[in-house]
Each structure stands twice: as C-alpha cells, then as structure tokens.
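Have a look at the structure below, then the notes.
In the UniProt record's numbering, the protein residues as written are 1 to 337.
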C-alpha cells in the first residue's frame, strides 16, 4: 500500500509539473503574439491583421513603375560633339578618344573608341545610356585633370532628365573642348618614384640620393621630422609636428604649377620648414603635407621633386623626383607615359 501511495503521489507531482510547464509555455506564446498584434484584440479573432510572409515580401519588392522608369532612363538617346586642343588652343588631330556609355542598369558600360579628325573634332550618335564618359589622350601629350571650369582631358556627361545638373545638351556648333598639354623637347632624366621612405619622429635625417648612379654626397636631399603625436593627451586628435626639407650643397624653391617644367634661375633657399601647430583650428590642422619643388645643386644640376609627408601611423614620406644630369639645363619635363 505504501508503495502504491508513493506511486500515486509521484504521478500527481509529475502531472502538476507538466501542467505548470504548459502554462508557462502558453504564457510566452501569448506574449509573442501580443508583440506582433499590439491592438489588444485576441489573436484568435485578428488573424487577418497579422503580417504574413506574403505581405512582408510585397513590402520589400520595388515599385514596378519606379523600376520601369529606372530601366528606361538607360535607353536615353546619346549624341555628343567634342573637340581636342592643346594648351595653345591649336587642334590636336588623331587624338585617341575613349567613350563609355552607361547603358546597362545591371552591367558594364559599353566602350567606344574614336580618333579626332584634322580639326581635332569627333562625335558619336546612335547610342544610348544614362550618362557618357569621355577621355582623350595622345602620345607626346600630357593629360590635364578636370577643374571647376574645364573638363580637362576627361569628364562625365549626364543624359537622363533625372540628373541633378540636368541632361547634357549636344551642340554641333559648340563642341565640348578637351585639352591636352603638348610636351616640349625632352631630355634624359633620372627618375625616382613613387617611392616610400621611413622618417624618424625625433629629427634624425632621412637622406635621399636623387642620382643613384653617383657615389658620394652629391645630389642629395634630407627630410627631418619632429612629431609629438605620441605625447598628446588621451582623446586629443591634434598635435605639434614640423617637417624640414633641405638640399645638400644647393637650394630649393616651391613649384606651384604641375605643368611648369622649366626650373627658375634664382630664388632658391637651402631648406624649408613646415610647422603644423596643435592649436590650429580643426579645419586647418593636417597630419599630411604635400609639396612640389624645383631643386638647384651647386654644380648646376637641376631637379624637380614631389613629396608627401604622412606624419602619423607608420610615419613615412612618399617621394618622386626627376633629375637632369646635364649641368646648366633647366628642362625637367618628363615623358607623358
């Protein structure tokens, strides 16, 4: 009897546990349904108010009309008239013209290649797309970057009416003007570039030899940097740092035009120091500095140098230089390739 009584008690206890677990499970299910259906209606009477998988899928699908409008924009007819001239305004015949029409919503642009005629003119028609990219080039000429008022040697032109700037309006009588810079007489130059040099933070000089063909302390420049990045207070972004660029047995002067290839005769200084103070306004403070120089050595050899100092992280300088080993020659123009 005692054993049967024990069994009955155990079964009752087990049933009670199972009932308690069922009630807890049901409570959680109701909470989840209430979270989905916050209207206060019973989930048994508001099935139609619940979001279904089909409704959610329909919400994520793009509007068919908008999608069709987007696809039709890539069928916009394109006609383009252009002309290529040099820095003096003279036409450049047989210039290479590379055109890319953005004519596929989900694919690559269609490429087209043409050449300018004897008057520097070119055109294209009978193609479609939302925009057209045009780039011109020719051996013996330098490409010019795009500026605010000029397309330089390449630019993109919108054709869709949805463009913020409005569609490009082709005009045969007023073609778009592209400019190439005609090289002058080239002389053999010794080139270093684009090369990375590690720079110390404590003013120890980094020596760069502009003419690796020669030995000894000739045609050399030094870079020094003093950097307090590691001494700045926690949370402060700005710090003091100084860059010094010097010429061994010579001088330097800033080169302000990227297409100025003739070194000046005078105005050279032995070195230049660039100081960046932590107290500068946030918009003016920089941890990177770029400079371009003409260099004149005491033996009459000249060079031009481009330097970019990255005064943070690994702390290094990117260097590019062109040296004319012919003493007395100020011509520092390089090949356009």
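Glycine included, every Cβ here is placed at the ideal spot set by N, Cα and C.
message: Give me, in chain order, the residues of the same chain whose beta-carbon lies closer than 8 Å to that of residue 304; leave out the 5 immediate sequence neighbours on both sides.
response: 255, 261, 263, 292, 293, 294, 295, 321, 322 and 332
- prompt: Among 250, 272, 167 and 113, which residue has its Cα nearest to the Cα of residue 134?
  reply: Among 250, 272, 167 and 113, the Cα nearest to that of residue 134 belongs to 113.
task: Could you give the DSSP three-state label for residue 296: helix, strand or coil?
output: strand
field: Other residues of its chain near residue 205: CB distance less than 6 Å, five sequence neighbours each side excluded
entry: 222 and 224
field: Reference residue 105; option with closest CA among 182, 69, 259 and 309
entry: 69
field: Where residue 73 falls: helix, strand or coil (DSSP)
entry: helix
query: Which residues in the same chain as residue 259 place their Cβ atom closer than 6 Å to its Cβ, once the five residues preceding and following it in sequence are excluded?
result: 181
field: With 16 other Cβ atoms within 10 Å as the buried cut-off, status of residue 88
entry: exposed
task: Would you mind stating whether residue 158 and residue 120 have Cβ atoms separated by less than 8 Å?
output: no
For residue 64, three-class secondary structure by DSSP: Look at residue 64 here: in three-state DSSP terms it is helix.
query: Between which two residues does the beta strand (DSSP E) carrying residue 275 extend?
result: 271-276
query: Counting Cβ pairs closer than 8 Å, one from the region 137-149 and one from the region 65-81, do we hit at least three?
result: no
task: Look up residue 230 in the DSSP assignment and say whether it is helix, strand or coil.
output: In the structure shown, the three-state DSSP call for residue 230 is helix.
DSSP three-state assignment for residue 239, whether helix, strand or coil: coil
Residue ranges of each beta strand (DSSP E) within the region 103-140, 3 or longer: 110-115, 121-128 and 131-137
- prompt: Exposed or buried, what is residue 174 when buried is set at 16 or more other beta-carbons lying within 10 Å of its beta-carbon?
  reply: Residue 174 should be labelled exposed.
message: Per DSSP, what are the beta-bridge partners of residue 201 in this structure?
response: Answer is none; residue 201 lacks a bridge partner.
query: From what residue to what residue does the beta strand (DSSP E) around residue 206 run?
result: 206-209
message: I need the DSSP call for residue 251, collapsed to helix, strand or coil.
response: strand
- request: Can you have a look at residue 138 and say buried or exposed, based on whether 16 or more other CB atoms are within 10 angstroms of its CB?
  value: buried
message: Contact between the region 240-254 and the region 264-280 is defined here as three or more beta-carbon pairs at a separation below 8 Å; is this criterion met?
response: yes
query: Can you name the start and end residues of the beta strand (DSSP E) that residue 261 belongs to?
result: Looking at the DSSP string, residue 261 is not in any beta strand (DSSP E), and its letter there is neither H nor E.
- request: Identify whether residue 288 lies in helix, strand or coil by the three-state DSSP scheme.
  value: strand
task: Can you give me the Cβ contacts of residue 312 inside the same chain, cut-off strictly under 7 Å, excluding the 5 residues immediately before and after it?
output: Excluding the 5 residues flanking it on each side, residue 312 has same chain C-beta neighbours closer than 7 Å at 229 and 287, in chain order.
query: Among 218, 168 and 310, which one has its Cα closest to the Cα of residue 341?
result: What is shown of the chain runs 1 to 337, which leaves residue 341 out entirely.
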